[in-house]
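> The structure's right below; bear with me while I get my questions together.
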Amino acid sequence: MPKVEHAPHKDGDCFVNYENKVFEDVKAKPGEKALITFHTVANEGSVGFVNLLQATRLIRKGFETSVLLYGPGVTLGVQRGFPRLGDEAFPGHMNCNKQVAKILEEGGKVYACRFALQALYGYGEQNLIPGITPINPQDVLDIILLARRDNAFILNTWTL
10 MPKVEHAPHK DGDCFVNYEN KVFEDVKAKP GEKALITFHT VANEGSVGFV NLLQATRLIR
70 KGFETSVLLY GPGVTLGVQR GFPRLGDEAF PGHMNCNKQV AKILEEGGKV YACRFALQAL
130 YGYGEQNLIP GITPINPQDV LDIILLARRD NAFILNTWTL
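So for the sequence shown, the numbering used here puts the first residue at 10; every next one is plus one.
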(Lines of atoms letter the chains of each structure in order from A; the text may use other names.)
(Lines give C-alpha, C1' and ligand atoms only; values in the text may rest on other atoms or scores of the structure.)
Protein backbone atom coordinates (compact mmCIF):
# COMPACT_ATOMS: atom_id res chain seq x y z
CA MET A 10 0.00 0.00 0.00
CA PRO A 11 1.29 3.47 -0.75
CA LYS A 12 1.95 5.59 2.30
CA VAL A 13 0.32 9.06 2.56
CA GLU A 14 3.04 11.54 3.48
CA HIS A 15 1.04 14.71 4.24
CA ALA A 16 -1.12 15.85 7.13
CA PRO A 17 -4.89 15.73 6.64
CA HIS A 18 -6.69 18.96 5.80
CA LYS A 19 -8.46 20.81 8.61
CA ASP A 20 -11.22 23.39 8.89
CA GLY A 21 -10.00 26.78 7.71
CA ASP A 22 -7.62 25.40 5.06
CA CYS A 23 -7.99 26.78 1.52
CA PHE A 24 -7.67 24.72 -1.64
CA VAL A 25 -7.73 27.68 -4.05
CA ASN A 26 -6.70 31.34 -4.06
CA TYR A 27 -10.18 32.80 -3.62
CA GLU A 28 -8.84 36.34 -3.09
CA ASN A 29 -7.42 36.70 -6.62
CA LYS A 30 -10.13 38.57 -8.56
CA VAL A 31 -9.35 38.68 -12.28
CA PHE A 32 -11.98 41.11 -13.55
CA GLU A 33 -13.02 44.56 -12.39
CA ASP A 34 -15.91 44.77 -9.92
CA VAL A 35 -18.63 46.10 -12.22
CA LYS A 36 -21.24 48.42 -10.71
CA ALA A 37 -24.40 49.64 -12.38
CA LYS A 38 -24.48 53.08 -13.88
CA PRO A 39 -27.48 55.19 -12.83
CA GLY A 40 -30.67 53.76 -14.31
CA GLU A 41 -29.20 50.43 -15.46
CA LYS A 42 -31.58 47.50 -15.18
CA ALA A 43 -31.42 43.73 -14.97
CA LEU A 44 -34.00 41.00 -15.55
CA ILE A 45 -33.55 37.43 -14.42
CA THR A 46 -36.09 34.96 -15.81
CA PHE A 47 -36.82 31.56 -14.29
CA HIS A 48 -38.33 28.63 -16.16
CA THR A 49 -37.05 26.03 -13.69
CA VAL A 50 -38.50 23.89 -10.92
CA ALA A 51 -37.66 24.93 -7.38
CA ASN A 52 -35.33 22.63 -5.44
CA GLU A 53 -34.68 20.24 -8.36
CA GLY A 54 -31.26 21.60 -9.21
CA SER A 55 -28.95 24.38 -8.24
CA VAL A 56 -29.64 26.78 -11.14
CA GLY A 57 -32.73 28.33 -9.55
CA PHE A 58 -31.02 29.06 -6.26
CA VAL A 59 -27.74 30.15 -7.84
CA ASN A 60 -29.46 32.67 -10.10
CA LEU A 61 -31.56 33.97 -7.20
CA LEU A 62 -28.19 34.68 -5.58
CA GLN A 63 -27.10 36.39 -8.83
CA ALA A 64 -30.25 38.55 -8.73
CA THR A 65 -29.38 39.60 -5.18
CA ARG A 66 -25.84 40.41 -6.27
CA LEU A 67 -27.14 42.53 -9.16
CA ILE A 68 -29.27 44.54 -6.71
CA ARG A 69 -26.21 45.12 -4.54
CA LYS A 70 -24.25 46.26 -7.61
CA GLY A 71 -26.88 48.96 -8.15
CA PHE A 72 -29.00 47.44 -10.92
CA GLU A 73 -32.76 47.99 -10.85
CA THR A 74 -33.48 44.26 -10.75
CA SER A 75 -36.61 42.31 -11.65
CA VAL A 76 -37.20 38.58 -11.40
CA LEU A 77 -39.70 36.82 -13.65
CA LEU A 78 -41.14 33.47 -12.53
CA TYR A 79 -43.02 31.66 -15.30
CA GLY A 80 -43.79 28.07 -16.22
CA PRO A 81 -42.25 25.84 -13.55
CA GLY A 82 -40.39 28.91 -12.27
CA VAL A 83 -43.49 29.95 -10.31
CA THR A 84 -42.61 27.13 -7.90
CA LEU A 85 -39.74 29.34 -6.69
CA GLY A 86 -42.31 31.87 -5.47
CA VAL A 87 -44.81 29.76 -3.55
CA GLN A 88 -44.85 29.62 0.22
CA ARG A 89 -43.32 26.46 1.65
CA GLY A 90 -42.57 24.82 4.95
CA PHE A 91 -43.10 21.66 6.89
CA PRO A 92 -44.90 20.88 9.07
CA ARG A 93 -46.14 24.48 8.86
CA LEU A 94 -45.55 27.27 6.36
CA GLY A 95 -42.21 28.89 7.10
CA ASP A 96 -40.82 25.88 9.00
CA GLU A 97 -37.55 24.55 7.64
CA ALA A 98 -37.83 20.74 7.57
CA PHE A 99 -34.05 20.36 7.11
CA PRO A 100 -31.15 22.79 6.66
CA GLY A 101 -31.42 24.42 3.24
CA HIS A 102 -35.04 23.39 2.66
CA MET A 103 -36.14 27.05 2.56
CA ASN A 104 -33.14 28.48 0.66
CA CYS A 105 -35.17 29.59 -2.37
CA ASN A 106 -37.96 31.13 -0.32
CA LYS A 107 -35.48 32.99 1.86
CA GLN A 108 -33.61 34.29 -1.19
CA VAL A 109 -36.81 35.50 -2.88
CA ALA A 110 -37.73 37.30 0.35
CA LYS A 111 -34.24 38.88 0.46
CA ILE A 112 -34.60 40.09 -3.14
CA LEU A 113 -37.88 41.76 -2.23
CA GLU A 114 -36.44 43.23 1.01
CA GLU A 115 -33.48 44.70 -0.88
CA GLY A 116 -35.67 46.46 -3.44
CA GLY A 117 -35.95 43.91 -6.23
CA LYS A 118 -39.23 43.19 -7.94
CA VAL A 119 -40.55 39.65 -8.39
CA TYR A 120 -43.32 38.71 -10.82
CA ALA A 121 -45.15 35.38 -11.19
CA CYS A 122 -47.27 34.22 -14.13
CA ARG A 123 -50.90 33.62 -13.11
CA PHE A 124 -51.39 31.00 -15.83
CA ALA A 125 -48.54 28.84 -14.57
CA LEU A 126 -49.71 29.27 -10.98
CA GLN A 127 -53.24 28.05 -11.60
CA ALA A 128 -53.32 26.03 -14.81
CA LEU A 129 -50.00 24.22 -14.45
CA TYR A 130 -49.48 23.90 -10.69
CA GLY A 131 -52.86 24.47 -9.03
CA TYR A 132 -51.74 27.41 -6.91
CA GLY A 133 -53.58 30.66 -6.32
CA GLU A 134 -52.18 34.11 -5.75
CA GLN A 135 -52.60 33.59 -2.00
CA ASN A 136 -49.90 30.89 -2.22
CA LEU A 137 -47.24 33.38 -3.32
CA ILE A 138 -44.57 34.74 -1.01
CA PRO A 139 -45.85 38.16 0.10
CA GLY A 140 -44.54 40.92 -2.15
CA ILE A 141 -44.54 38.93 -5.39
CA THR A 142 -46.68 40.55 -8.08
CA PRO A 143 -48.87 38.13 -10.06
CA ILE A 144 -49.03 38.95 -13.78
CA ASN A 145 -51.09 38.06 -16.82
CA PRO A 146 -49.48 35.37 -19.00
CA GLN A 147 -49.27 37.89 -21.86
CA ASP A 148 -47.07 40.04 -19.62
CA VAL A 149 -44.35 37.33 -19.66
CA LEU A 150 -43.20 38.29 -23.13
CA ASP A 151 -43.78 42.00 -22.58
CA ILE A 152 -41.55 42.25 -19.49
CA ILE A 153 -38.76 40.63 -21.51
CA LEU A 154 -39.34 42.98 -24.45
CA LEU A 155 -39.40 46.00 -22.12
CA ALA A 156 -36.10 44.89 -20.57
CA ARG A 157 -34.63 44.50 -24.06
CA ARG A 158 -35.89 47.95 -25.05
CA ASP A 159 -34.29 49.39 -21.90
CA ASN A 160 -30.94 47.70 -22.72
CA ALA A 161 -31.20 45.72 -19.49
CA PHE A 162 -28.90 42.87 -18.65
CA ILE A 163 -31.03 39.72 -19.09
CA LEU A 164 -30.15 36.37 -17.54
CA ASN A 165 -32.44 33.54 -18.65
CA THR A 166 -32.65 30.56 -16.32
CA TRP A 167 -33.93 27.38 -17.96
CA THR A 168 -34.07 23.73 -17.07
CA LEU A 169 -36.16 21.02 -18.70
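Quick reminder that beta carbons are idealized off the backbone N, C-alpha and C, glycines included. On a predicted model such as this, the values are computed, not experimentally measured, just so you know.
1. In terms of DSSP beta bridges, what is His48 paired with?
2. Examine the Cβ distances between the stretch 123–131 and the stretch 88–102 and report whether three or more of them are shorter than 8 Å.
3. Reducing DSSP to helix, strand and coil, say where Ala43 ends up.
4. Which same chain residues, not among the five before or five after Gly40, have their C-beta less than 8 Å away from its C-beta?
5. Would you say the stretch 44–64 touches the stretch 95–105, given that touching needs at least three Cβ pairs under 8 Å?
6. One question on the structure: do Gly86 and Val50 come within less than 8 Å of each other, judged by their Cβ atoms?
7. Could you tell me which uninterrupted alpha helix (DSSP H) segments, each at least 4 residues in length, are contained entirely in the stretch 41–129, listed from first to last along the chain?
8. Using only the alpha-carbon positions, how far apart do Asn160 and Ala16 sit?
9. For the beta strand (DSSP E) containing Ile144, name the first residue and the last one.
10. Between Val13, Pro11, Leu137 and Met10, which lies nearest to Tyr79 when the distance is taken from Cα to Cα?
11. Alpha carbon to alpha carbon, how far is Ala128 from Arg69?
12. Tell me, to the nearest whole angstrom, how far the beta carbon of Tyr27 is from that of Val83; I am working on the premise that it is less than 8 Å.
13. Kindly list the residues whose CB is nearer than 7 Å to the CB of Asn145, restricted to its own chain and excluding five residues on each side of it in sequence; keep chain order.
14. How should Leu154 be labelled, buried or exposed, when 16 other C-beta atoms within 10 angstroms of its C-beta is the threshold for buried?
In short:
1. Answer is Trp167, bridged to His48.
2. With a cut-off of 8 Å, the stretch 88–102 and the stretch 123–131 do not count as touching, because too few Cβ pairs lie within range.
3. In the three-state reduction of the DSSP assignment, Ala43 falls in the strand class, which pools E and B.
4. Excluding its 5 nearest sequence neighbours in each direction, Gly40 has C-beta neighbours in its own chain below 8 Å: Glu73, listed in chain order.
5. Enough Cβ pairs lie closer than 8 Å, so yes.
6. Cβ atoms of Gly86 and Val50: not closer than 8 Å.
7. Listed in chain order, the complete alpha helix (DSSP H) runs (minimum 4 residues) inside the stretch 41–129 are 56–69 and 104–114.
8. Computed Cα separation, rounded: 53 Å.
9. Annotation for Ile144: the continuous beta strand (DSSP E) segment containing it runs Thr142 to Ile144.
10. Answer by Cα proximity: Leu137.
11. Arg69 has its alpha-carbon roughly 35 Å from the corresponding atom of Ala128.
12. Between Tyr27 and Val83, the beta carbon gap of about 35 Å keeps them out of contact (Cβ cut-off 8 Å).
13. For Asn145, where only same-chain residues beyond five positions count, the Cβ hits under 7 Å are Arg123.
14. Residue environment: Leu154 is assigned as exposed (fewer than 16 neighbouring CB atoms within 10 Å of its CB, all protein chains considered).
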